Amino acid sequence: MDPSFANLFNLEGKTALVTGASSGLGVAFARGLARAGANVVVTARRQELIDKTAEMVRSFGGRSTAISADITDDAQVERLFDQTVAEYGRLDILVNNAGYTDRSGLRHDLGSMKRMRSIIELDLVATVNGCRLAGKQMMKQDGRGTIINISSILGRVGSEFRAASYHAAKGGVDALTRVLALEYAREGIRVNAIAPSYFDGTELMDKVFEANPATRDHSISRTPMGRLGQPEDLEGAVVFLASDAARFVTGHILYVDGGWTAGGGYHQLPPLWESSPGHQLLQ
Ligand SMILES: NC(=O)c1ccc[n+]([C@@H]2O[C@H](COP(=O)([O-])OP(=O)(O)OC[C@H]3O[C@@H](n4cnc5c(N)ncnc54)[C@H](O)[C@@H]3O)[C@@H](O)[C@H]2O)c1
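Each residue of the sequence shown is one higher than the one before, starting from 1 at the first, in our numbering.
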């Protein structure tokens with residue numbers, strides 16, 4: 001391979017900040033960026049878990065600092081950005097990943113305004129705040145930067161998971177991504193999103209599958225590629241969007257979903273479909 005081509009994906013010397021990096025997909029985003037050479041500041045609320053993520057980042061040769069913060073607390077988030085810039089001198093990549101919903105299906109979130117507000121506060125408002133603070137910092141520095149918001153296929157398609165607030169928040173993240181891409185375009189700041197389908201190995205989905213084991217098979221059956229996502233499936237996507245390989249890509253929602261949204265919410269074929277005349281015409 002032409003080494004200068006591989007260099008397009010090289011993140012050496014860049015400073016990244018990944019929120020929600022104590023478990024699940026946030027750890028995978030930190031690992032992908034670290035493997036591409038970035039220094040990665042990791043944050044979430046549980047210090048002992050983000051310490052482990054920071055150790056993992058360092059094992060790839062980059063620098064890392066674990067700073068605990070509640071992403072819904074404005075003062076804590078400002079301190080997080082200030083500390084990152086004080087320590088690393090700049091911020092090149094923000095991955096707005098922290099997020100949550102209780103999709104156990106046991107309670108409908110429309111039943112409680114408190115619950116609805118807390119999900120929108122975490123999944124949408126905290127993402128707005130991250131974009132705002134990153135944009136402010138990036139505008140001040142040479143080379144500017146890039147923001148990657150973590151959305152979900154549920155920002156685009158409906159579901160029966162009784163999670164209206166989560167859908168609304170992630171749809172808001174998609175809209176925010178597109179509008180900030182325009183507002184920051186002339187400033188040299190790119191804003192994109194990654195929208196995963198259902199992934200194994202995260203605290204969020206472990207709870208969903210535990211509460212209702214049938215949702216696992218149901219999710220697999222609706223995925224054209226026939227499996228759940230694995231956190232490592234996201235490493236290439238985040239490195240692509242963070243790197244010069246995507247230098248003309250902004251306002252894009254990158255679905256990492258095994259084809260789910262290509263089918264507009266894929267449904268398994270009915271059992272007798274293969275012997276139907278319609279199918280035979282396609283042979
Ligand atoms: N797992 C999936 O299948 C899936 C699918 C689509 C989208 N997503 C999105 O991916 C992101 C990561 O989810 P995950 O599946 O890894 O879940 P997870 O529960 O394993 O991780 C969520 C992370 O966010 C952090 N977090 C939650 N509330 C916080 C707060 N108030 N302050 C600071 N940190 C907080 C948690 O500590 C954790 O580090 C979320 O935005 C989620 O909506 C996940």
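Ideal Cβ positions, reconstructed from N, Cα and C, are used throughout, including at glycine. The model shown is predicted, which means the values in this text are computed figures rather than measured ones.
Which of the three DSSP states, helix, strand or coil, is assigned to Ser219? helix
Is the distance from the Cβ of Asp82 to the Cβ of Thr15 below 8 Å?
no
Whole-number beta carbon distance between Glu187 and Arg144, since they are thought to touch under 8 Å: 6 Å
With a Cβ-Cβ cutoff of 8 Å, do Gly20 and Asn97 count as a contact? yes
Notebook entry, point to check: If you follow the alpha helix (DSSP H) that Val179 is part of, which residue opens it and which one closes it?
Noted result: Ala164 to Ala185
*Could you tell me the boundaries of the beta strand (DSSP E) in which Asn96 lies?*
Ile93 to Asn96
If you drop the 5 nearest sequence neighbours on each side, which residues of the same chain put their C-beta closer than 6 Å to that of Arg285?
Absent from the structure is residue 285, since the part of the chain shown begins at 1 and ends at 283.
How big is the Cα-Cα spacing for Thr127 and Gln47?
21 Å
Express the C-alpha separation of Gly155 and Ser22 in angstroms, rounding to a whole number.
23 Å
task: Have a look at Met138 and Thr146 and give me their C-alpha separation to the nearest angstrom.
output: 8 Å
(Q) Can you tell me whether Tyr255 sits near ligand 1, meaning its C-beta is under 7 Å from at least one heavy atom of the ligand? (A) no
task = Within its chain, find whatever has a CB closer than 8 Å to the CB of Leu25; leave out the 5 residues flanking it on each side and keep chain order.
result = Asn97, Ile150, Pro196, Phe199, Thr202, Pro231 and Leu234
**Item:** Neighbour-count burial assignment, Leu106, 16 or more Cβ in a 10 Å radius
**Value:** Here the model assigns Leu106 a pLDDT of 49, short of 50, so the residue's position is not dependable, and the following value carries that caveat. Exposed is the call here.
| request: Figure out for me which residue from Ala185, Leu49 and Ser159 has the closest Cα to the Cα of Thr215. | output: Ser159
Run through the DSSP bridge pairs and tell me what Arg190 is partnered with. Thr146
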